[in-house]
Each structure stands twice: as C-alpha cells, then as structure tokens.
Amino acid sequence: MGRDLGLDGVVDHFTLNSDEAGWLRNKTGATRLGFAVQLKFLLWRGRFPRMRLELPPDAIEHVAKQVGVAASELAFYDFTSCAAKRHRSELRDLTGWHECTKTDQVKLVSHLVDVIWHDERREEQVRAELLRQMRAGLIEPPTAAQVDTIVRSALHQADERAVAEVAARLARAEGCTRRLDALVFTDPTAEQGDTAAEDDGTDQDEDFVESVLADIKAHPGNVSLNSPLDEISKLKQVRAVGVPEKAFAGIGVQVINAWRARASASSPSHLRRFNPELRHVLLAALAEQFRASGFALEFLSGELQGSHDPAGIAFTVLAAQSGMERENIRDRTLEGHDSARSRGKTIGGAGVTDEAMLSHALHLREQNHSLRDIAARLVIATGKKKGRHPHPQPSCACSATTTNKPATSTAADSPAYFAARRSFRSSGPCLIHPGRYGDRPSAMPGRETRRTALSRCRATSRSPGSRSR
188 MGRDLGLDGV VDHFTLNSDE AGWLRNKTGA TRLGFAVQLK FLLWRGRFPR MRLELPPDAI
248 EHVAKQVGVA ASELAFYDFT SCAAKRHRSE LRDLTGWHEC TKTDQVKLVS HLVDVIWHDE
308 RREEQVRAEL LRQMRAGLIE PPTAAQVDTI VRSALHQADE RAVAEVAARL ARAEGCTRRL
368 DALVFTDPTA EQGDTAAEDD GTDQDEDFVE SVLADIKAHP GNVSLNSPLD EISKLKQVRA
428 VGVPEKAFAG IGVQVINAWR ARASASSPSH LRRFNPELRH VLLAALAEQF RASGFALEFL
488 SGELQGSHDP AGIAFTVLAA QSGMERENIR DRTLEGHDSA RSRGKTIGGA GVTDEAMLSH
548 ALHLREQNHS LRDIAARLVI ATGKKKGRHP HPQPSCACSA TTTNKPATST AADSPAYFAA
608 RRSFRSSGPC LIHPGRYGDR PSAMPGRETR RTALSRCRAT SRSPGSRSR
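Residue numbers (this note's numbering): 188 to 656.
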C-alpha cells in the first residue's frame, strides 16, 4: 500500500476540476472510481498505476468522496483488465499523453545529448533529466530496460560529441596532434604503418621499446640525485607537447577526469589502437594533468631549507656539483682497491682456502657430492677458524676457482676469486641443486639461478660506487 500524502498533497494532486468531473458522466461504481483514480495518478506521476498498492490510501478516500463512491469499491476494479486498458486509452485521448514510440526515443536521446554533452556523465542525473523531459512532452515512460538503453545511448553520443569538439580544437593548433602522437609512437612518422600492422594482427610494438608516455608514467623509485633530474625531464617533455590553453574550455571537470582516468589506465599500445581523435583527446587530458601537477624541490634541512623551483639555475648548479662529487668519490674508491691489489693485499676478509682444500673440493665435486656435503668434509687448516668447516658458498667458489682460475693465480687472489664466482654463475653444472645439469633452464649457460642473482644484487647495493647521496 502506498504512503499517505497528507492533506496538502492530496488536495494538490487528487482534486478533480470541473472538466475532469465531466469525463465521469457515463460511469458508475468501481468503474467510476477506478477511472478517476487512474486519471489523477497519471497527472501526478506521469504514468498509470500498475496495481492498487501504488495508490496512497488517503488519496483514494479523497477521490471516492468527490465521485460519490465508497473507497472499498476500488477492490473490485482490476487494473490489468480489458476495461482498465480501454480507460487508459480514453484518458490518453482526453489528456494528450501518449506512449513512447521509436521516434520519441530518438528525439529524447538527441535532446539529452544537447543537455549533457559538455559536463554530465552520471547515469542517475541523466535518467532524472530524461524523466523530466518525458513529463514535459506528455510521454509515458517506457520499460526500465528501454530507459536504460536511452540513457546509455545518450551518454555514448555525448562523449563522442565532446571528443569531436576538443579534437577539432587540438587539430587547429599547429603541430599539437603530431606532438601528442609522439608520446605513444616510438616512430611518429610510421603511425599509419603501425596501425595497419596492428589491425592485421602483427603488432610491431616491442616490449623493449619504451615510449615517451611509458617513461612519463613510470614510478620515480627510490629517492636519489637522479630522481629530481628524471622528474624534471618528464615535466619538460610534457610541457613540450604544447596543449592549447582553451582546448578544454566549456568541458566539465567530470568529463575531463573521466578522460584522464581512461588514459592513465591504458597502456601506450592500447592508445595506439584508438582512433586518432579519441587518442589525441585522452593524451591531451593526461598531459594537462601532468603539467598542472608540476614538480617541486624541497630541502628538509640545511641552508637551502624550503621549496625551490627545480627549473632554476641554482638547482642545476647544485645537481652538477653533487654529480661531480659523487663520481670523484667513486673513482677514488676504485683506485684504492686497485692499489691494494697491486700490493698483494686482499679486499675483504682473510682467505681460508689453500691448494689442498681446493684439490679436495674438486675431487668431491667430480663424485657428484652436494655443496653442503663438500663443505662438511672440508676443514680449515690455518687462521682463527682452524678446525672449522667452511661455509657452503665459499666451498662452491673453491670448486669453480680450481676449474677457471689461471695457473699463475693464487687461491687467495681476490680478482681470481670473484672471476671464478662469475664463471660459476654463467656456466657449468648447477652446484646448488646437485644432479641437475643443462636440462634445467636456470643452469643453462648464460643463465643465473635465483639465489646467485639475489647475491649479486646484494653485492651491487653494497658497493661504494652505487651509494646514493
């Protein structure tokens, strides 16, 4: 049962005027009451009631008093009967309301596009505008599925119209579309050829060829001296696009944000498959977002504490000076290592291997013993660790060093040790998993195991030359 409208609502929407009362002259009983109720409900809600439960109880009482019929008589009126359908047809002729036709749907979509194309993309608001327009045109709402179809069609055509408008503005700017294509095409001059190749199923976009847009959207990573330099380079690339200032004039924020989100979620290869107008608009919206966000340099401490313009001359001088100092420290560190090796000194901890241990390790390895078994059978003969077993990783280096080192090198020679480790990583059987040889992809020549790759990354991150200031 519908809710009561209250006295004001009932009087405003369910009071019969003299003309409407005259339409009831040849009707009596439940038919008279049902006809009057359908009439006032149509004028109130813009459609006919589907069942008695949609009618407010106080509205039924008010109409029943006006037509001189008891409210309980409405229970005998069937809203799905042929008589009720005949009454609805008669009411359409009397009031001017009509059912929604195909022609009406086309006109409704066209009107919606004119209203929403520049600033509205919310379905709820578009649906409310559609119902208001149908009420103004005395059109009964179609089914819910048809209403959804009209709304989606209007949104699609509105977006196409907005894209065409902005694309025309971009095309009028000299060279703007060419610079926008350069963001996603690694070779802008071959745009047509790339598009045709993609349509044929032979995508010429290689993963290792990175477009300018992919570089701009890349995460800055860990903070270092190169981070602000890279971000400034990205900002310069965005500013070089030169999107006209009034390219998005009159376009709502909702529409522009939707374009930006779509461009951000699309990879360069996907953007290349879009039609040129849509691609230019999406890239222009994304470029404007990057340009508006900008880039700021902030010193948290020191004499230059505060925010500074990264494009200024002061930051350029500081960046160049810091880069030179970093390179000098790295060069001095490497020179110190070379000088120590030339004097016969070992970089790192003292060696624990000797010729006898190396020979024994190689003999055990030839018998297909595992790395841990080899380490358990070796014993350190000298030094502070005398009598202990070496770690499995140095044992692995022992086996590789005996096979790969030059005859003139010593076991404790640091360059030979590290050269042997590199040789062990790139060729030979897998010592970490005994019994697995060339049929294992990670043990094939030129490949690395996951463990050795991680150890190399750790060694690289600890090197003085790679330390960021």
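Each residue gets a CB set at the ideal place from its N, CA and C atoms; glycine is no exception.
Here Q253 has L203 as same chain residues with Cβ atoms under 6 Å from its own Cβ, once five neighbours each way along the sequence are excluded. Here the alpha carbons of V300 and K433 stand approximately 22 Å from one another. Note on geometry: alpha-carbon atoms of I438 and P329 lie some 31 Å from one another. The beta carbon of R575 lies closer than 6 Å to those of I567 in the same chain, with the five residues before and after it left out. Comparing alpha carbon positions, the residue from Q312, K272 and G216 closest to S259 is G216. When beta bridges are read from the DSSP output, E286 appears opposite E327.
For V296 against E316, the beta-carbon gap comes to about 12 Å, at or over 8 Å, which does not count as contact.
Pairwise C-beta distances place the segment 267-285 out of contact with the segment 307-314, as fewer than three of them are shorter than 8 Å.
For V198, same chain residues with a beta-carbon under 8 Å away, outside a window of 5 residues either side, are H249 in chain order. Residue environment: A471 is assigned as buried (16 or more neighbouring CB atoms within 10 Å of its CB, all protein chains considered).
The beta-carbon distance between R426 and E327, rounded to whole angstroms, is 55 Å. This is too long to meet the 8 Å contact definition. Counting of Cβ neighbours within 10 angstroms places T290 among the exposed residues, the total staying below 16. Here the segment 332-339 does not lie against the segment 225-244, with fewer than 3 beta-carbon pairs under 8 Å apart. A straight-line Cα-Cα distance of about 12 Å links T520 and E512.
Spatial neighbours of G255 in its own chain (CB-CB distance under 7 Å, excluding positions within 5 residues in sequence) are not present. Taking C-beta atoms as the reference points, L281 and W231 fail to come closer than 7 Å.
Rounded to the nearest angstrom, the gap between the Cα atoms of H457 and P463 is 12 Å. Comparing alpha carbon positions, the residue from E514, F461, Q225 and V428 closest to Q476 is V428. Around the C-beta of A257, fewer than 16 other C-beta atoms lie within 10 Å, and the residue is accordingly described as exposed. Looking at the backbone, the Cα of N444 and that of R478 are separated by about 15 Å. The residue from L473, A527, R559 and Q441 with its alpha-carbon nearest to that of V430 is L473.
In the structure shown, L299 falls within a helical segment according to DSSP collapsed to helix, strand and coil. D346 counts as buried, since at least 16 other C-beta atoms from the protein chains shown sit within 10 angstroms of its C-beta.
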